[in-house]
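Visitor:
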Amino acid sequence: MPAKAKTPAKRVARKTPAKKTGAKKIVAKKRATPLAEYNAKRDFTLTKEPAGKVPRTKTKALHFVIQKHAASHLHFDFRLELDGVMKSWAVPKGPSLDPSVRRLAMEVEDHPISYNTFEGTIPQGEYGGGTVMLWDRGTYEAEDDGGVEALREGYERGDLKFVLKGKRLSGSWVLVRMKRPGRPQWLLIKHDDQAADRKRDITAEITTSVASKRSMEQIASGRRVWRNTA
Ligand code: MN
Numbered sequence: 005m006p007a008k009a010k011t012p013a014k015r016v017a018r019k020t021p022a023k024k025t026g027a028k029k030i031v032a033k034k035r036a037t038p039l040a041e042y043n044a045k046r047d048f049t050l051t052k053e054p055a056g057k058v059p060r061t062k063t064k065a066l067h068f069v070i071q072k073h074a075a076s077h078l079h080f081d082f083r084l085e086l087d088g089v090m091k092s093w094a095v096p097k098g099p100s101l102d103p104s105v106r107r108l109a110m111e112v113e114d115h116p117i118s119y120n121t122f123e124g125t126i127p128q129g130e131y132g133g134g135t136v137m138l139w140d141r142g143t144y145e146a147e148d149d150g151g152v153e154a155l156r157e158g159y160e161r162g163d164l165k166f167v168l169k170g171k172r173l174s175g176s177w178v179l180v181r182m183k184r185p186g187r188p189q190w191l192l193i194k195h196d197d198q199a200a201d202r203k204r205d206i207t208a209e210i211t212t213s214v215a216s217k218r219s220m221e222q223i224a225s226g227r228r229v230w231r232n233t234a
């Protein structure tokens, strides 16, 4: 059956370049320069946060970080590495291990990967002024070995399923985008798996830095100054 055998091969050949072109168009349409919004909001002569740059080298394992941020309102910044930047959401109540709990996650501007080591204070009066704690960090991947393409598609579709391998969070999670006008709002939900726990209140239980073991108060009053080692 040579005629039949040709058809699936053709489909595969057509699909691959079309997908790539589509992904590039979306990125170009969304933001002319990666991290432009991040850089525009900050005065790097006043804050110790890193300036936004996209690294040229690509590492294989994708990283995630969660930063507890006592700004005007306490929240947790949830960041997932994708295409050279950290996709970022502000989660007012932080993550929950209870699969029946949906946590509001407001999408904010992409952050540079070098932000993943930032712990310290942002000067009052500057954007996001307050104390930042590294609350969790690790690697993550698409569910079912879908790879980076599945992550890109999930992000664009507003249904991003992923598996975390952190010190404090692990297992399967989903971010679901709600259909509302304005800056995208998502829901962060734990999938029901072995890492799910309906009884533990993990944000109340774990109140120290994953990097330095310091409390928010110790970070706020600490003499140790964060430096960009990149
Ligand atoms: Mn924040």
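Each residue of the sequence shown is one higher than the one before, counting from 5 in our numbering. A virtual CB, placed ideally from N, CA and C, is assigned to each residue, including glycine. Remember, predicted model here, so these are calculated numbers, not experimental data.
(1) According to DSSP, what are the bridge partners of residue 64?
(2) Give me the DSSP bridge partner(s) of residue 94.
(3) Near residue 114, what residues of its chain come up, given a Cβ to Cβ distance below 7 Å and the 5 sequence neighbours on each side ignored?
(4) Closer than 6 Å between the C-beta and any heavy atom of ligand 3: which residues qualify, listed along the chain?
(5) Just list the residues that DSSP pairs residue 194 with in beta bridges.
(6) Nearest to residue 128 by alpha carbon, out of 109, 179 and 76?
(7) Does the segment 92 to 103 come close enough to the segment 49 to 66 that 3 or more CB-CB pairs lie under 8 Å?
(8) By DSSP, does residue 134 sit in helix, in strand, or in coil?
(9) First and last residue of the alpha helix (DSSP H) that includes residue 206?
(10) So residue 138 packs on residue 160, CB below 8 Å; how close in whole Å?
(11) So, at 7 Å on beta carbons, what are the nonlocal neighbours of residue 208 in its own chain, with the 5 sequence-adjacent residues on each side left out?
(12) Within the same chain, show all residues whose beta-carbon is closer than 7 Å to that of residue 32, passing over the 5 residues directly before and after it, in chain order.
(13) According to DSSP, is residue 101 helix, strand or coil?
(14) Comparing C-alpha positions only, which one of 180, 199, 167 and 189 sits nearest to residue 239?
Guide: To lay it out plainly:
(1) Here residue 64 corresponds to residue number 60 of the sequence shown, with the count starting at 1. According to DSSP, which records beta bridges pairwise, residue 64 is partnered with nothing at all.
(2) Residue mapping note: residue 94 aligns to position 90 of the sequence shown, counting from 1. Paired residue(s): 81 and 110.
(3) As a first step, residue 114 is located in the sequence shown; it is residue number 110 there, counting from the start. For residue 114, where only same-chain residues beyond five positions count, the Cβ hits under 7 Å are 38, 39, 42, 89, 90, 91 and 92.
(4) What this structure holds is ligand 1, not ligand 3.
(5) Numbered from its first residue, the sequence shown carries residue 194 at position 190. 177.
(6) Counting from 1 along the sequence shown, the entry for residue 128 is found at position 124. That would be 76, whose Cα lies nearest to the Cα of residue 128.
(7) no
(8) Taking the first residue of the sequence shown as 1, we reach residue 134 at position 130. Of the three classes helix, strand and coil, the one that applies to residue 134 here is strand, per DSSP.
(9) As a first step, residue 206 must be located in the sequence shown, where it is residue number 202. Counting along the chain, the alpha helix (DSSP H) containing residue 206 begins and ends at 206 to 209.
(10) Numbered from its first residue, the sequence shown carries residue 138 at position 134. Numbered from its first residue, the sequence shown carries residue 160 at position 156. At roughly 28 Å, the Cβ-Cβ gap does not stay under 8 Å, so residue 138 and residue 160 are not in contact.
(11) Reading the sequence shown from its first residue, position 204 is the one you call residue 208. Within the same chain, residue 208 has no close Cβ partners at all.
(12) Sequence index remark: in the sequence shown, residue 32 carries index 28 (1-based). Any reading at residue 32 needs caution, since the residue's pLDDT is 43, under 50, leaving its predicted position unreliable; the model's value is listed next. For residue 32, where only same-chain residues beyond five positions count, there are no Cβ hits under 7 Å.
(13) In the sequence shown, counting from the first residue as 1, residue 101 sits at position 97. Three-state result, residue 101: coil.
(14) Absent from the structure is residue 239, since the part of the chain shown begins at 5 and ends at 234.
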